[in-house]
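Only one structure is covered here, and it is reproduced in the block below.
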Amino acid sequence: MSRVSDSPVRDRDFLLYFAGVTLSEVGVRGTLAINLYHVYLLTESSLFVGLVGLFQFVAVISLGPLGGAIADRVDRRTLVQVMQGVSLLTSAGLAAATYLGVVTPLHIYVAVLLNTGASTFDMPARRALIPGIVPRHQLVKAFALVTPGRELAFMVGPALGGVLVAIGGPGLMYAVDAGTYLVLIVSLAVLKITPAPRRSDHPTLARSILDGFGYVRRRPIVWQLLGMDVVAMLFGAYMAVIPAIAEDILGVGPTGYGLLMSAVPAGALLGSWFIFRSMHRLRGGHVVIWSVAAYGLACIMLAQSRGLLLAIAAALAIGAFDAMGSTVRQAAVQVEIPDELRGRVSSIQQMATRGGPALGTLHIGAVAGVLGPTLALTLGGVVPVLVAGAVAKFTRTLPAYDVPTSA
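To convert, take the position in the sequence shown, counting from 1, and add 665; that gives the working numbering.
Here it is in structure tokens:
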């Protein structure tokens, strides 16, 4: 791999990739936020709004393993471009239905299903492209840049969607989203990516999927990294109770709710910056363990907050520690897996990072309905702390692990 720069920020191909992916994510996050809002405008029902999440979850869990297997069989750049094209046509179609005045909630649900389904093929291939763009020892820094790009999209996308809806209605957001997909398609076309070796013989798709799960099972460091992520997201699903905390406990209304929601990605930017600047001095396994423990403590702090400023500080901490751990986990998984399995293992990672929060929201929301938001998130936050402590004390694989950060 011919790369003369010692940092991904000086690599023209990585910067082009980063810009295209971030812009596409802004469109994705803006569209999802407006999908929720649009369904409510059409139905005035929170139940129908919640079905948007159900369609997302179904697509991720049912198509995720297949997406990874396909990513290991075909050219990954082409796969990402094709899936971006599917999403482009989907958003453009939803924009047309909206402007023609014929849109229904069913149209939105189908669009969510198609866009999420496309992303389950797109995301493993997109992540697996990064080792072909930057050298192995730069992967942590590369993911430390990709992570804040995602968090920036979480902040900018919904805000942009609100502005565009105010200007031209939901259809304008969908049309802009279609344009962002086109930008990434073009950006990928001009990238220089080191081609991954391809096998001439392929097992069946079912065998390929099982091989991916089998590899994870046989590699303790990989399943421990993924397991720590699932534990944090399943029991520390703060988003399920933030509305109740804002309204019923803090009494800060929608403005305070918006501040709390914005504080999490803002904290993630800080956490990613810290990893980018300091990872060469830290042991990767230690970062994962202690960031999960600190994430749990931050969830407890948020649950117990009785003032807006303290709650915002807790939300910032949640975002920061989540980003620190997830950055190292993503880079470590890409380093540890052979290229011919990278798509399949990335898809399993995607199931953990996207399916875990969905199940966690359902889980913590159900517990909060019985015990209240404070006790539900407090008890949930205790679990990552205990699991991190147990891993640090009773295992050797993850505490001793480090991610290469030098050539």
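Glycine is no exception: its CB is placed at the ideal position from the N, C-alpha and C atoms. Every value quoted in this text rests on a predicted model; they were computed, and no experiment measured them.
Quiz item: Given Ala790, which residues of its chain have a CB within under 7 Å of its CB, disregarding the five upstream and five downstream residues?
Solution: Looking up residue 790 in the sequence shown gives position 125. Exclusion of the five residues before and after Ala790 leaves Ala736, Arg741, Leu744, Val745, Gly1008 as the residues of its chain whose Cβ lies within less than 7 Å of its Cβ.
Quiz item: So, using beta-carbon positions, are Tyr960 and Phe986 closer together than 7 Å?
Solution: Within the sequence shown, numbered from 1, the residue matching residue 960 stands at position 295. Within the sequence shown, numbered from 1, the residue matching residue 986 stands at position 321. Yes. Within cutoff.
Self-check item: CB-CB length for Val952 against Gly990, believed under 8 Å
Solution: Taking the sequence shown and counting its residues from 1, one reaches residue 952 at position 287. Taking the sequence shown and counting its residues from 1, one reaches residue 990 at position 325. Contact between Val952 and Gly990 is confirmed by a C-beta separation of about 7 Å, below the 8 Å threshold.
Quiz item: First and last residue of the alpha helix (DSSP H) that includes Asp987?
Solution: As a position in the sequence shown, residue 987 is number 322, starting the count at 1. Here the alpha helix (DSSP H) through Asp987 covers 973-1001.
Quiz item: From this set, Leu794, Asp894, Ile965, which residue's C-alpha is nearest Phe679's C-alpha?
Solution: Taking the first residue of the sequence shown as 1, we reach residue 679 at position 14. When only C-alpha atoms are compared, the closest one is Leu794.
Quiz item: Is the beta carbon of Val717 less than 7 Å from the beta carbon of Val775?
Solution: Here residue 717 corresponds to residue number 52 of the sequence shown, with the count starting at 1. Here residue 775 corresponds to residue number 110 of the sequence shown, with the count starting at 1. With contacts defined as CB atoms closer than 7 Å, Val717 and Val775 fail to qualify as a contacting pair.
Practice problem: Measure the CB-CB distance between Thr1018 and Ser937 and report whether it falls below 7 Å. | Solution: Taking the sequence shown and counting its residues from 1, the one referred to as residue 1018 is at position 353. Taking the sequence shown and counting its residues from 1, the one referred to as residue 937 is at position 272. In this structure, Ser937 does not lie closer than 7 Å to Thr1018 by Cβ.
Exercise. Apply the 10 Å Cβ neighbour rule to Gly1025 and answer buried if 16 or more other Cβ atoms are within range, or exposed otherwise.
Key: In the sequence shown, residue 1025 corresponds to position 360, counting from 1. Under this definition Gly1025 is a buried residue.
Self-check item: Boundaries (first-last residue) of the alpha helix (DSSP H) holding Asp678
Solution: Position 13 of the sequence shown, counted from the start, is the residue given in the question as residue 678. In the DSSP assignment, Asp678 falls within the unbroken alpha helix (DSSP H) covering 677-708.
Self-check item: Distance, Arg994 Cα to Leu891 Cα
Solution: By 1-based counting over the sequence shown, the position of residue 891 is 226. By 1-based counting over the sequence shown, the position of residue 994 is 329. The straight-line gap from Cα to Cα measures roughly 7 Å.
Quiz item: Quick one: is Ser667 buried, meaning 16 or more other Cβ sit within 10 Å of its Cβ, or exposed?
Solution: For this step, residue 667 is matched to residue 2 along the sequence shown. The pLDDT assigned to Ser667 is 40, lower than 50, so where the model puts this residue is not dependable, and the model offers no usable value.
Quiz item: Would a C-beta distance cut-off of 7 Å place Phe900 and Gly1045 closer than the cut-off?
Solution: Position 235 of the sequence shown, counted from the first residue, corresponds to residue 900. Position 380 of the sequence shown, counted from the first residue, corresponds to residue 1045. Against a cut-off of 7 Å, the Cβ pair of Gly1045 and Phe900 comes out as a contact.
Self-check item: Every unbroken alpha helix (DSSP H) inside the stretch 910-946 [4 residues or more]
Solution: Those alpha helix (DSSP H) runs which fall completely within the stretch 910-946 and span 4+ residues are 918-943.
Exercise. Tell me whether Gly1037 sits in a helix, a strand or coil according to DSSP, three-state version.
Key: By 1-based counting over the sequence shown, the position of residue 1037 is 372. Of the three classes helix, strand and coil, the one that applies to Gly1037 here is coil, per DSSP.
Quiz item: Which whole-angstrom value describes the C-beta separation of Ile983 and Val906, a residue pair presumed to lie in contact below a C-beta threshold of 8 Å?
Solution: Translated into positions along the sequence shown, residue 983 becomes position 318. Translated into positions along the sequence shown, residue 906 becomes position 241. Actually they do not touch by this definition, with Cβ atoms about 12 Å apart.
Practice problem: Provide the residue span of the alpha helix (DSSP H) that contains Asp787, from first to last. | Solution: Taking the first residue of the sequence shown as position 1, residue 787 is located at position 122. Element bounds for Asp787: 770-794.
Quiz item: In chain order, what residues of the same chain have a beta carbon less than 6 Å from the beta carbon of Gly692, not counting five sequence neighbours either side?
Solution: Stepping through the sequence shown from its first residue, residue 692 is reached at position 27. In the same chain as Gly692, and ignoring 5 residues on each side of it, the C-beta atoms closer than 6 Å to its own belong to Asp842, Thr845, in chain order.
Quiz item: Ends of the alpha helix (DSSP H) at Gln889?
Solution: Translated into the one-based positions of the sequence shown, residue 889 becomes position 224. Note, Gln889: alpha helix (DSSP H), 885-900.
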